[in-house]
Amino acid sequence: MIRAMSTENTAAPLGTPLTPDDHLILVDGSTFIFRAYHALPPLTRKPDGLPIGAVSGFCNMLWKLLQEGLSPEEGDEPTHFAVIFDHSSKTFRSDIYPEYKAHRPDPPEDLVPQFGLIRQATRAFSVHCIEQEGFEADDLIATYAVQAAALGARVTIASGDKDLMQLIGPKVKMIDTMKGKTFEEPDVFEKFGVGPDKVVEVQSLAGDSVDNVPGVPGIGLKTAALLINEFGDLETLLSRATEIKQNKRRENLIEFAEQARVSKQLVMLKQDVPVEIPVGDLSVTDIDGPKAVGFLKAMGFTTLTKRVAEATGAEAGNIEPDDFQVPGWDVPDHKGRLSENAPSNRPAAAQTSSSETLSVADGDLMLPATVANARTEAARNSVIDSSAYETVTALDRLKEWVAEAYEVGYVAFDTETTSLDAMQAELVGLSLATAPGRACYVPLGHVDGEGDLLGGGGLVAGQIPLQEALDALKPMLEDRAVLKIAQNLKYDWLVMTRYGVNIAPFDDTMLLSYALDAGVGGNGMDELSERWLGHKPIPFKDICGSGKSMITFDKVPIDKATAYAAEDADVTLRLWQVLKPRLASERMATVYETLERPMAPVLARMEKRGISVDRQMLSRLSGDFAQGMAALEDEIRELAGESFNIGSPKQLGDILFGKMGLPGGKKTKTGAWSTSASVLEDLAAEGHELPSRIVSWRQLSKLKSTYSDALPGYIHPETKRVHTSYALAATTTGRLSSSEPNLQNIPVRTEAGRKIRKAFVAATGHKLISADYSQIELRVLAHMADIPQLKSAFEEGLDIHAMTASEMFGVPIEDMDPMVRRRAKAINFGIIYGISAFGLAAQLGIGRGEASDYIKTYFSRFPGIKDYMEAVKKEVHANGYVTTIFGRKAHYPDVNTKNPSMRAFYERAAINAPIQGSAADILRRAMVRMEDRLTHSKLDAQMLLQVHDELIFEVPEAQVEATICLVREVMEKACEPVLQLSVPLQVDARAADNWDEAH
DNA sequence: TCTTGCCCTTA
DNA sequence: GTAAGGGCAAGAT
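Counting from 1, one number per residue, gives the positions in the first sequence under UniProt numbering.
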């Protein structure tokens with residue numbers, strides 16, 4: 001219903017003064033225009049080339065305001081309503097201070113022709129459209145607001161401009177419709193530290209860089225509020241400035257007193273504009289349906305036309321579109337010139353470097369940072385309405401969406417399926433978005449909720465047949481002219497490739513976020529949406545439930561599915577608009593384009609291939625482990641004198657440290673005695689039997705539950721292989737992680753553990769090749785910290801730990817005592833981990849003082865390491881992040897905490913990140929190149945797994961030698977050509993029938 | 001039924 | 001001392 005325009009509304013006759021029963025809404029047109037412009041894709045235009053993105057956004061916002069009003073309370077309908085615009089940029093303020101708003105760039109050229117259209121739109125909606133020469137919209141709003149409030153009427157100002165907050169009072173509130181936020185007196189206090197009556201005083205001191213209001217140098221909002229609260233107002237403060245204690249502040253207040261006074265005149269809104277239209281004349285009138293529809297049709301806003309026609313009862317079919325000329329819009333000329341950049345004419349532009357995309361999308365005149373900031377601002381201010389999406393049930397309609405994707409040049413895309421496991425997931429539907437708020441859901445596989453034995457569970461009627469939909473979508477999804485935008489594309493890529501669709505090219509908002517903000521927070525869609533859009537998307541739980549009662553997406557009613565799924569595409573598109581421009585402005589485009597984006601399809605293919613595991617072997621192992629555990633359990637029961645749950649650290653602690661009275665060592669963080677392996681081993685070394693049995697039992701228990709029992713459950717029913725899932729954006733350093741199952745922690749250290757590894761086997765006629773970097777992190781460290789001894793040791797192929805020991809303790813490398821080498825090895829690892837005496841002592845089982853001495857010795861022998869560590873610490877404290885050799889950033893936002901142990905922790909992490917992260921970058925580079933190199937060499941080897949410094953391939957037996965050779969070359973030259981590492985990279989590679997023997 | 005703590009596996 | 005994922009027990013809900 002159209003409350004504001006309802007015919008029941010008893011509008012006051014013209015000229016009648018307002019009464020306390022009246023409610024005036026004043027819309028700040030300028031705020032609306034700029035937000036509408038930045039919220040929508042820049043290239044939205046009519047077929048004749050006329051840009052109309054801002055007009056569209058404005059109409060939608062105005063309609064929403066008219067339809068919903070401003071407040072949920074009944075009886076708050078406006079009796080008076082107007083949209084106020086700026087007339088021109090020249091006002092009395094530029095006479096006072098020529099620089100006022102002078103540094104503002106001219107409005108973007110594609111916005112200019114839209115100003116007039118937006119005024120027409122306002123009138124088409126039968127809304128008063130107010131502007132007056134010589135005055136800003138703010139002054140008109142101030143005048144009307146003050147007049148109305150003086151008569152006792154309530155006033156609501158719809159704006160995002162904080163300058164208007166000075167008007168807030170008992171009768172006047174402000175609402176930011178984009179943020180859905182209302183501002184009343186307490187909110188002003190929160191923002192300015194003073195009440196509305198003092199806002200002007202504070203602003204005149206603090207100034208405003210956006211409007212070029214100078215203020216007083218060195219005084220910001222906080223200080224200004226402090227001073228005004230102390231002195232009352234600006235004049236009092238200036239006259240008593242000599243009393244200020246802080247030297248600089250006092251001097252500035254005296255020197256810039258006049259500037260502050262000018263600032264006050266600039267920010268103080270004029271409340272006595274001789275308005276041409278009296279406030280009483282702003283009463284609401286009924287909307288003229290046909291008039292509004294005529295305008296909307298002329299603009300080509302089909303959705304809104306339909307809505308307005310429905311709401312007003314206008315017969316849309318019988319109304320001709322308005323026919324009008326836009327002043328200053330020379331159609332042929334602009335069309336011809338702009339079409340160079342028009343999406344339909346740039347098939348190759350879809351996946352370009354981000355700087356090119358920017359210039360195409362936003363005009364050559366805008367700096368990347370300007371675009372990025374504007375997009376961030378616009379995104380935060382936009383509103384997401386998940387009830388406004390379209391459900392596509394007709395093939396023709398789907399084709400129109402596809403056509404729109406071609407027209408725009410990009411489309412946000414998301415799949416809905418029956419499973420989180422991309423290898424098992426069946427397609428249930430997919431969603432598309434071509435502009436913020438413009439999204440749809442295409443249901444394809446929804447079934448009736450009653451999937452019982454009596455039938456039911458059949459496809460819900462009215463869905464496009466799956467194959468027809470895929471046929472309509474496939475060309476677009478594979479076309480290089482359309483950029484596909486997804487959140488975690490690897491998932492959708494895997495699902496779609498199983499339906500014969502190879503998505504390309506693409507952008508991935510999760511990877512954009514990761515390249516820009518690794519370590520800041522999560523990169524999941526819900527979290528990004530809250531962070532960047534201030535919007536919490538519908539939780540998956542609300543749609544499908546959770547736990548045992550969780551339903552698969554195909555059982556979700558289509559209307560609910562549409563709200564959820566289309567919102568995902570909408571949010572993804574909006575996130576892309578915010579994040580993509582930041583690549584250029586923050587110089588992270590290369591990282592994203594070489595280390596992140598290309599990894600998604602590479603990993604997807606690895607996951608799809610999977611690896612073979614020997615189910616029988618694992619089953620036998622489980623039996624063996626169970627036997628071993630049972631034997632140990634008997635012994636343990638005997639030794640403990642009672643039966644208890646060995647898997648419970650709590651019960652074990654009671655037995656060991658309570659009943660048996662053994663000396664407890666470490667405590668856990670909850671204050672309980674630790675029963676960790678190191679504690680138990682210490683007790684065992686003192687001759688206690690029970691702890692050593694526990695250690696053995698735990699080892700078997702771990703191998704059984706985590707590996708031999710669990711792995712067979714991951715064997716895919718059709719491929720008969722195990723398909724892990726790699727997370728590309730889960731670590732702060734740039735490493736991958738693997739889960740379901742985690743194939744990056746398959747045992748290797750113990751004999752029993754290696755039996756698990758033996759169960760990973762090559763297919764018949766094939767071998768597994770394992771190729772791993774030798775000491776890659778120490779090599780990276782030698783390069784980055786520029787340590788001569790380390791570099792020459794690697795150059796000469798020496799045993800690096802022995803060399804370190806020799807350097808530190810002055811012993812010859814030949815016939816070195818293994819204990820001495822072990823100490824040096826621990827120190828080398830410690831360095832990589834951001835060494836502490838505490839940690840080294842724990843590792844080597846020595847005293848803290850001794851460990852500290854080792855570290856001192858190490859630093860004196862390798863002073864470059866110490867310098868490097870200090871430099872990294874300085875960097876992370878100054879910037880909040882550190883970088884790898886290839887420019888990846890790892891953020892540590894909390895590194896400046898005052899908690900000394902937390903601070904030390906973040907510092908160690910920051911020292912480790914460039915080392916671990918650079919090594920991860922090198923692996924990524926090798927992986928991105930590997931497939932092409934294999935193909936070009938006519939090798940059929942398949943990359944299956946990555947374990948941080950190791951790659952596993954499956955290779956036909958006849959190609960083993962050639963493959964090892966090529967793999968080694970690609971890996972060892974992974975830094976080139978952009979970088980020549982100052983140490984050689986060395987790769988060890990072997991082939992065998994199973995992973996254990998290949999390793 | 002979900003979350004936290006503990007412990008263990010890898011690089 | 002760095003970076004991860006996962007199983008199980010026990011406590012929280």
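Glycine residues also receive a C-beta, built at the ideal position from the N, C-alpha and C atoms.
As the structure is a prediction and not an experimental result, all values here were calculated from the model.
Under 8 Å, with one C-beta from each stretch per pair, do the stretch 837-853 and the stretch 927-946 reach the 3-pair mark? no
Considering only the alpha carbon of each residue, which of K222, H801, P217 and L296 lies closest to E258? P217
Check the C-beta distance from H23 over to D76 and give it rounded, since I have them as a contact under 8 Å. 6 Å
Three-way DSSP call (helix, strand, coil) for V112 in this model: helix
Kindly indicate which three-state DSSP category M943 falls into: helix, strand or coil? strand
At which residue ranges does the stretch 730-763 contain complete beta strand (DSSP E) runs of 3 or more residues, listed in the order of the chain? 737-739
If we ignore side chains and look at the alpha-carbon of each, how far apart do L778 and N828 end up? 8 Å
For the ligand ZN, I want to know if W576 counts as a neighbour, meaning its beta carbon is within less than 7 Å of at least one of the ligand's heavy atoms. In the structure on display, the ligand ZN does not appear, and there are no ligands present to speak of.
By the three-class DSSP mapping on this structure, what secondary structure does D208 have? strand
For the beta strand (DSSP E) containing P956, list its first residue and its last residue. E950 to P956
Can you tell me which of L427, K484, K490 and A481 puts its alpha carbon nearest to the alpha carbon of L459? L427
Using beta-carbon positions only, say whether residue 1023 and L575 come within less than 8 Å of one another. Here the chain comprises residues numbered 1 to 999, so residue 1023 is not present and cannot be evaluated.
Within the stretch 844-886, ranges of the beta strand (DSSP E) (whole runs, at least 3 residues): 881-883
I need the DSSP call for P900, collapsed to helix, strand or coil. helix
If I follow the unbroken alpha helix (DSSP H) through R375, where does it start and stop? P368 to N381
Distance, G864 Cα to S708 Cα: 46 Å
Keeping to the same chain, check which residues put their C-beta closer than 6 Å to that of T732; ignore five residues upstream and five downstream. A518, G519 and A890
Assign G524 to one of two classes, buried (16 or more other C-beta atoms within 10 Å of its C-beta) or exposed (fewer than that). exposed
DSSP has S431 in a bridge; who is on the other side? D414 and Y441
Can you tell me whether Q487 is buried or exposed, with buried defined as 16 or more other CB within 10 angstroms of its CB? buried
Taking three-plus beta-carbon pairs below 8 Å as touching, is the stretch 364-383 in contact with the stretch 584-591? yes
Which runs of the beta strand (DSSP E), 3 residues or longer, sit entirely within the stretch 274-335? none
DSSP-derived helix/strand/coil call for M617: helix
Just to confirm the assignment, what range does the beta strand (DSSP E) spanning H80 have? H80 to I84
How about G847 and A841: are their beta carbons less than 8 Å apart? yes
If you run the structure through DSSP and keep just helix, strand and coil, what is K667? strand
Beta-carbon proximity list for I825, same chain, < 6 Å, skipping 5 on both sides: The sequence shown places Lys at residue 825, rather than the Ile named in the question. Taken in chain order, the residues that qualify are H801.
Counting pairs of Cβ atoms below 8 Å between the stretch 943-957 and the stretch 912-926, do you hit three or more? yes
Hey, F862 and I787: beta-carbon distance below 8 Å or not? yes
Which residues mark the beginning and the end of the beta strand (DSSP E) in which K973 is found? Unbroken run through K973: none, as it is neither H nor E.
Please report the straight-line C-alpha distance between G195 and Y144, rounded to a whole angstrom. 21 Å
Assuming contact is defined by CB atoms lying nearer than 8 Å, are V200 and K291 in contact in what I supplied? no
According to DSSP, simplified to helix, strand and coil, what is N502? coil
Residue range of the alpha helix (DSSP H) that R779 falls in? I776 to A785
Enumerate in chain order the residues of its own chain whose CB-to-CB distance from I228 is below 6 Å, with the five nearest sequence positions on each side excluded. V194, K198, E201 and V202
At a cut of 8 Å, does the stretch 437-447 reach the stretch 382-396 through at least three beta carbon pairs? yes
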